[in-house]
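Below you'll find the structure, written out as structure tokens, and then a few comments.
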Amino acid sequence: MTATIHYIASNLPVAERFASLAKQEGFLLQLLHNAGSPWEDRADWEKVNILLLFTPFLYEKHYIAAGKIWAHYLRTLHPGVRFFTAGYSKVQPGVNNHLDLLNLPGSLSDFFLYQAGMLPTQVVETEGLLLHDKLARFFDGHGKESIFDVLSDITRLLGMAEVAAQRHGDSFETIKMDFLNKLSVRWTELKNRWNNYYALLLCLPVATLLREADLLIAEADQRFMAQICTDERLYQGQTLMNLLHNIHKLLLKVRQSCL
Numbered sequence: 008m009t010a011t012i013h014y015i016a017s018n019l020p021v022a023e024r025f026a027s028l029a030k031q032e033g034f035l036l037q038l039l040h041n042a043g044s045p046w047e048d049r050a051d052w053e054k055v056n057i058l059l060l061f062t063p064f065l066y067e068k069h070y071i072a073a074g075k076i077w078a079h080y081l082r083t084l085h086p087g088v089r090f091f092t093a094g095y096s097k098v099q100p101g102v103n104n105h106l107d108l109l110n111l112p113g114s115l116s117d118f119f120l121y122q123a124g125m126l127p128t129q130v131v132e133t134e135g136l137l138l139h140d141k142l143a144r145f146f147d148g149h150g151k152e153s154i155f156d157v158l159s160d161i162t163r164l165l166g167m168a169e170v171a172a173q174r175h176g177d178s179f180e181t182i183k184m185d186f187l188n189k190l191s192v193r194w195t196e197l198k199n200r201w202n203n204y205y206a207l208l209l210c211l212p213v214a215t216l217l218r219e220a221d222l223l224i225a226e227a228d229q230r231f232m233a234q235i236c237t238d239e240r241l242y243q244g245q246t247l248m249n250l251l252h253n254i255h256k257l258l259l260k261v262r263q264s265c266l
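Following this line, the structure appears as structure tokens:
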């Protein structure tokens, strides 16, 4: 009986050469995703039993090491999938789900069918950009403030501005000075962080969530934030607040799925 191995790779000729070897032992390799392109959520995970990630892969002119993120993602959302990696890194102590393409085991059947690849606690260390660390910096920031701290500060300033107008009758100039100018600065910080990471992170299996967040950030920016210090109607009402809450929820899902 032929066993199917779904794989992710950017160097497809290398993967295809490996596929010809695996075929001799009864394995059929099927491309799940070309890692050189942004992730498109077309995978039918119910049909994926074994996933092989060729690592590192070339994306956006970077060699990306994303094994740690993929291992967490599968443990969290698809725990029945057996996860393996392949590349030119040597097999390392404590890592039993990695194939060294320059020193293949005598039996691929033994490796894929009997190795403990289902829920790896360790992944091979490869050359390349460690995307797990990059994503952690996106969320945690380079200092003490996480992106959720920045979002919470924006939401707090927005709420305080609305209270100042509706309950205390403060003038728009006062509200700008006390709240909206600060809010605008914080929004710029959030937007800059987002723009610095967004394109690179689209190689991840949470790209659909990231695209949704990007649309909401663009909507908040264009409809509200760009004129929030010149139009006193924009900071009042629930629309902007709801956008911020939805951005927060999407980013939280990304973090929970990947880290």
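Per my numbering, numbering through the sequence shown is continuous, rising by one, with the last residue being 266.
Beta carbons are placed, not taken as given, at the ideal position from N, Cα and C, and that holds for glycine.
A quick note: this is a predicted structure, and the numbers were derived from the prediction, not measured.
Got a sec? Which residues, its chain only, sit under 7 Å from residue i by beta carbon, not counting five neighbours each side?
| i | result |
| --- | --- |
| W194 | I161 and M232 |
| G244 | none |
| L109 | Y95 |
Report the option in the options whose CA atom is closest to the CA atom of residue i.
| i | options | result |
| --- | --- | --- |
| H252 | Q229, N202 and G166 | G166 |
| H139 | A73, S96, F61 and S191 | A73 |
| G43 | C210, A93 and R144 | C210 |
| N56 | P45, H13 and H79 | H13 |
| A78 | S96, L58 and D48 | L58 |
| L65 | L81, T246, G87 and N41 | N41 |
| N199 | L158, I235 and C236 | L158 |
| L39 | E32, A50 and Y95 | A50 |
| S114 | A16, W46, F34 and Q229 | F34 |
| L216 | K97, L108, I71 and S264 | S264 |
| Y80 | R240, T246, A214 and G150 | A214 |
| V170 | E67, N202 and Y242 | Y242 |
| Y121 | F90, H149 and V98 | F90 |
| I254 | Q229, R218 and E239 | R218 |
| Q129 | G150, V102 and F118 | V102 |
| L250 | L19, R230 and S178 | R230 |
| W46 | Y205, E239, L247 and E226 | Y205 |
| T11 | L142, H149 and V88 | V88 |
| L164 | R144, I224, M248 and D228 | M248 |
| K97 | T133, S116 and I71 | T133 |
Provide the residue span of the alpha helix (DSSP H) that contains residue i, from first to last.
| i | result |
| --- | --- |
| T11 | Run containing T11: none in the alpha helix (DSSP H); it sits in the beta strand (DSSP E), A10 to A16. |
| D147 | L138 to D147 |
| R24 | L19 to K30 |
| Q263 | T246 to C265 |
| S116 | L115 to Y121 |
Based on the DSSP secondary-structure assignment, which residues constitute the bridge partners of residue i?
| i | result |
| --- | --- |
| Y70 | L65 |
| I57 | R89 |
| Q37 | H13 |
| G94 | D107 |
Apart from the five residues on each side of it in sequence, which residues of its chain come closer than 8 Å, Cβ to Cβ, to residue i?
| i | result |
| --- | --- |
| F146 | S153, I154, F155, L258, R262 and L266 |
| K30 | L36 |
| H69 | G135, L136 and L207 |
| C236 | K183, L187, N188 and S191 |
Between which two residues does the beta strand (DSSP E) containing residue i stretch?
| i | result |
| --- | --- |
| H105 | H105 to D107 |
Which residues in the same chain have their Cβ closer than 6 Å to the Cβ of residue i, if we skip the five residues on either side of it in sequence?
| i | result |
| --- | --- |
| D52 | The residue asked about is misnamed: residue 52 is Trp in this sequence, not Asp. Within the same chain, W52 has close Cβ partners H85. |
| T92 | L60, T62, G74, H105 and V131 |
| E67 | L207 |
| F118 | P112 |
| D177 | A171 |
Is residue i near the ligand FMN, judged by its Cβ being under 8 Å from some heavy atom?
| i | result |
| --- | --- |
| A220 | Annotation note on the ligand FMN: not contained in the displayed structure, which lists no ligands. |
What ranges does the alpha helix (DSSP H) occupy inside the segment 153-225, keeping only unbroken runs of at least 4 residues that lie completely in it? If one requires a minimum length of 4 residues, the alpha helix (DSSP H) runs lying completely within the segment 153-225 are 154-173, 179-182 and 188-208, in chain order.
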